[in-house]
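The structure under discussion appears below in the form of structure tokens.
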Amino acid sequence: MSFQSYLDAIHKKTGKTLDEIKELAIKENILKPDITATEFKTWLNVKFDLGSGHAMALWKYFIDNNWIITKHTTIK
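Structural data, given as structure tokens:
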């Protein structure tokens with residue numbers, strides 16, 4: 001499965017765009033500076049019933065777009 005296929009499946013399963021998921025995460029104060037992948041994954045599982053693979057695809061997408069900043073993040 002390609003990375004884009006994961007993102008498309010997330011949109012189909014949640015009915016939300018990636019931007020809408022981001023806005024909801026901001027509204028629910030999920031995107032705090034010290035968030036861990038586990039916390040993010042748990043939130044996605046509870047909120048949208050997403051599994052680990054889809055959650056980690058979103059984690060990568062959010063980091064790549066600088067929506068999540070960790071101590072390991074390289075700002076582009």
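According to UniProt numbering, the sequence shown is numbered sequentially starting from 1. Where is the CB? At the ideal position from N, CA and C, for every residue including glycine.
Its chain contains Y6, A9, I10 as the residues whose beta carbon lies nearer than 7 Å to that of H54, once the 5 sequence neighbours on both sides are disregarded; these appear in chain order. In the DSSP assignment, E23 falls within the unbroken alpha helix (DSSP H) covering 18-27. Here L31 carries a coil assignment [DSSP, helix/strand/coil]. Around the Cβ of K22, a 10 Å sphere holds 16 or more other Cβ atoms; the residue is buried.
Nearest Cα to L44 within the set S2, P33, T14: T14.
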